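In our numbering, the protein residues as written are 6 to 193. Beta carbons are placed, not taken as given, at the ideal position from N, Cα and C, and that holds for glycine. For clarity, every value in this text was computed on a predicted model and none was experimentally measured. Taking it in order: structure first as structure tokens, then the write-up.
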């Protein structure tokens, strides 16, 4: 209770043990905390589609989105993915969803009808370890700071760039100012 009461948001791996997921949602609701969800085992997550209706934002990659919606999106472009995502989240009643598309960037859609695309930027990739975590953390940070969904996506892209542009798993200079410098460099 103490952790949830003092948190600004909750990040949950949706495919954790079911009782833990239920308890997490109960505590998040009790303390009015938004829940952001990611996945590592999509086959377990698809059994828990009902939980996805309770998340503030679900973040996954293109392949995971295909598994969730029982379709193959592997060769989709962002222009093809956007209307599909828009329709699928309506049917699934997922409030907000971000789908990362590797070198093509990322797309988002909300139940409110907002949708958008953030193209990837050409960068010198040193190590991709931690890029997804940096992206996800930036989505949470920027959402909590009131960024609109499109600006959130651009901000998350900058965090991903910061992560992949460094040779170590954790960029020692990872900070809001580093992300903002990347933002300025790419004129986002």
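Of the residues assessed, residue 10 falls on the exposed side of the cut-off, its CB having fewer than 16 other CB atoms within 10 angstroms. With three or more CB-CB distances shorter than 8 Å, the region 51-67 counts as touching the region 15-25. Residue 165 is positioned such that its CB atom lies closer than 8 Å to that of residue 136. In its chain, beyond the 5 residues on either side, 59 have a beta carbon closer than 6 Å to the beta carbon of residue 30.
Around the C-beta of residue 66, 16 or more other C-beta atoms lie within 10 Å, and the residue is accordingly described as buried. Per DSSP, reduced to three states, the secondary structure at residue 104 is strand. Its Cα nearest to that of residue 112, the residue 90 stands out among 6, 139, 90. Runs of beta strand (DSSP E) with 3 or more residues, each lying fully within the region 60-138, are found at 62-66, 101-105, 111-115, 120-123, listed in chain order.
The alpha-carbon of residue 56 is positioned some 12 Å away from that of residue 21. In the three-state DSSP reduction, residue 160 falls in the helix class (H, G or I).
Around the C-beta of residue 157, 16 or more other C-beta atoms lie within 10 Å, and the residue is accordingly described as buried. Under DSSP, the beta-bridge partners assigned to residue 41 are 16, 62. Under the criterion of beta carbons closer than 8 Å, residue 50 and residue 19 qualify as touching, at roughly 5 Å.
Straight-line spacing of the CA atoms in residue 115 and residue 144 works out to 14 Å. Distance between residue 97 and residue 171, taken at the CA atoms: about 37 Å.
Going by beta carbons, residue 110 and residue 154 fall outside the 8 Å limit.
Between residue 72 and residue 47, the CB-CB gap stays under 8 Å. Per DSSP, the continuous alpha helix (DSSP H) segment holding residue 9 begins and ends at 7-11.
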